[in-house]
Amino acid sequence: MDIELKEKLEKIVELVSNVMVDCEINIEYCMPGIAMTSQSCNTSEDPYILVEYVVSEYTKPTRKIHLTRGYLKDEADVIANLITFSIEQFKMEIDSVEMG
Numbered sequence: 001m002d003i004e005l006k007e008k009l010e011k012i013v014e015l016v017s018n019v020m021v022d023c024e025i026n027i028e029y030c031m032p033g034i035a036m037t038s039q040s041c042n043t044s045e046d047p048y049i050l051v052e053y054v055v056s057e058y059t060k061p062t063r064k065i066h067l068t069r070g071y072l073k074d075e076a077d078v079i080a081n082l083i084t085f086s087i088e089q090f091k092m093e094i095d096s097v098e099m100g
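The working numbering applies: residue 1 is where the sequence shown begins, and numbers increase by one.
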């Protein structure tokens, strides 16, 4: 992994972690050499973020956000904004299903 990509991924982790402070959302990072907070991290894939929305003790839907080469062409702040938007959309989708 080149230095520029590593720095970009580190910045993304920092930005997303600072913005997404929500007790109902668990975020795990699977970025080899950067952040490996996921216990089931598949290092053969592109870097990704695993989002878990804790609706109840038994309902915890998850979404995997892959950081593909297409995503990684943008600046770190743009990517972090896309990720946080995706997380908010995921939460809204689950809420709409849960609330009927």
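Each residue gets a CB set at the ideal place from its N, CA and C atoms; glycine is no exception. Bear in mind the structure is a predicted one, so any value in this text is a computation, not a measurement.
Could you tell me which of Val16, Lys6, Leu5 and Ala35 sits nearest to Glu88, measuring between CA atoms? Indexing the sequence shown from 1 puts residue 88 at position 88. Here the closest residue by C-alpha is Val16.
Use the C-beta contact count for Met31: other C-beta atoms within 10 angstroms, 16 or more gives buried, fewer gives exposed. Indexing the sequence shown from 1 puts residue 31 at position 31. Buried.
Should Ile102 be labelled buried (16 or more other beta-carbon atoms within 10 Å of its own) or exposed? Because the chain here runs from 1 to 100, residue 102 falls outside it and cannot be looked at.
The alpha helix (DSSP H) spanning Thr84 covers which residue range? Looking up residue 84 in the sequence shown gives position 84. It spans Ala76 to Met99 - the alpha helix (DSSP H) in which Thr84 sits, taken as one unbroken run.
Going by DSSP, what residues sit across from Leu50 in a beta bridge? Reading the sequence shown from its first residue, position 50 is the one you call residue 50. BP columns for Leu50 point to Glu28 and Lys64.
Does the beta-carbon of Tyr53 have 16 or more other beta-carbons within 10 angstroms, so that it is buried, or is it exposed? What you label residue 53 is simply residue 53 of the sequence shown in a count that begins at 1. Result: buried.
Tell whether a beta-carbon distance below 7 Å holds between Arg69 and Phe90. Here residue 69 refers to the residue found at position 69 when the sequence shown is read from its first residue. Here residue 90 refers to the residue found at position 90 when the sequence shown is read from its first residue. No, these two residues do not count as a Cβ contact at 7 Å.
Alpha carbon to alpha carbon, how far is Lys73 from Ser96? Give it in angstroms, no decimals. Working through the sequence shown from its first residue, we reach residue 96 at position 96. Working through the sequence shown from its first residue, we reach residue 73 at position 73. Ser96 and Lys73: Cα-Cα distance of roughly 33 Å.
Contact under 7 Å by Cβ, Glu10 with Ile34: On the sequence shown, residue 10 is found 10 positions in, with the first residue counted as 1. On the sequence shown, residue 34 is found 34 positions in, with the first residue counted as 1. Yes.
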